[in-house]
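These notes concern the structure reproduced below.
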Amino acid sequence: MTITQLTYVLAIAEHKNFTKAAEKCFVTQPTLSTQIQKLEEELSVLIFDRSKKPIELTEVGRKIVNQARNIVNESERIQDIVDQQKGFIGGEFRIGIIPTVMPTLLPMFLKSFIKKYPKVKLKIEELTTDDIIERIKDGHLDAAIAATPLESENIKERVLYYEPFVGYIPEHHRLYKKKTIDVSDLEIDDMLLLEDGHCFRDGVINLCKAFKDQTNESFQLESGSIETLIKLSNEGLGMTLLPYLHTLELSDKLTNNLHHFNEPTPAREVSIIYHKSELKMQIIDALHAVISGIIRGAIAFQNVKIISPLSK
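First residue of the sequence shown? That's 1 in the UniProt record's numbering, and the numbers climb one at a time after it.
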């Protein structure tokens, strides 16, 4: 049994196809198939049910894949140990970022990080929190930036910053004349929300429900982007809440509609998250340091109350 064979097993389990798995591993299909066959013969079991389309794992195959993932991850730690000993920060690093963080945070830190660590090849994907958790557990992401706490087994969290919620209330709205707002002012039926699947949406719902028994979730309108929520709000269809960093790029005209909360300000916790196996920690540490350093100049709020992103 070899690490290479186990890597092939993981590739087939992911793609459910020998040809695609071979392409992913940069080998010919006959080479990959031969190695899988040798492994199955050595173990005297079938790992894959080839009669199914797409290919499926057998019952014992699923258990083998789980163990193979642990073994391959641990083998990669050897290279990590060597890299850390040499002080080397480089190589490919796969990171996922949730949609409500990506457009504001990425432009703030990416150029600085690349300049400081030119040997790191970042592969960045915009993903929902659920997809991020799955990909970290499956070994398809090295780390991610998401709203926390997530209370997910096998995943560690390191806080980057706390981002306040800000009310976006157009002139015709009942709360517009208030200089600052309280959480108790919010009405869930009056709130424009992101579509299901966005953790910021769940945070807003949790915020509204925390102070009132607002169980009616027949919302007026939902959208896939914060920019659309702002436009809908301007059309008189309700108010919305924005993450603080999204408010920094609004035009002067639109900033007149921003209303901050009274302290303690409701906020979301944004963290860099990664597998408990702690692979590529030197790059994770570097990302944490760069982002934390930059964000301090943008968010100066101190007295905040963290709102959970977990759907309740």
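Beta carbons: idealized from backbone N, C-alpha and C, even for Gly.
query: From residue 164 to residue 21, what distance separates their C-alpha atoms?
result: 44 Å
message: Strictly by DSSP, which residues pair up with residue 271?
response: 146 and 159
task: Using beta-carbon positions only, say whether residue 243 and residue 305 come within less than 8 Å of one another.
output: no
- request: Starting from the C-beta of residue 102, find all residues in its chain whose C-beta is less than 6 Å away, skip the five residues before and the five after it, and write them out in chain order.
  value: 126
message: Just to confirm before moving on: does the CB-CB distance between residue 81 and residue 146 stay below 8 Å?
response: no
task: Would you list the one or two residues that DSSP bridges to residue 96?
output: 125 and 144
- request: Can you tell me which of the three DSSP states residue 113 falls into?
  value: helix
- request: Within its chain, find whatever has a CB closer than 7 Å to the CB of residue 33; leave out the 5 residues flanking it on each side and keep chain order.
  value: 18
- request: From the DSSP output, read off the bridge partner residues of residue 305.
  value: 266
message: Quick check on residue 182: buried or exposed, where buried means 16 or more other Cβ atoms within 10 Å of its Cβ?
response: exposed
query: In this structure, what does DSSP give as the bridge partners for residue 49?
result: 56
Cβ shell of residue 302 (< 6 Å), same chain only, five flanking positions each side left out: none
task: Please report how far the alpha carbon of residue 228 lies from the alpha carbon of residue 95, in whole angstroms.
output: 26 Å
query: Comparing the C-beta of residue 79 with each C-beta of chain C, is any distance below 8 Å?
result: Of the chains in the structure shown, none is chain C; there is only one protein chain.
message: Just to confirm before moving on: does the CB-CB distance between residue 104 and residue 168 stay below 8 Å?
response: no
message: Could you compute how far the alpha carbon of residue 70 sits from the alpha carbon of residue 5?
response: 14 Å
task: Can you have a look at residue 300 and say buried or exposed, based on whether 16 or more other CB atoms are within 10 angstroms of its CB?
output: exposed
- prompt: So what does DSSP say about residue 191, is it helix, strand or coil?
  reply: strand
message: Spatial neighbours of residue 264 within its chain, please: C-beta separation below 7 Å, excluding the five flanking residues on both sides.
response: 303, 304 and 305
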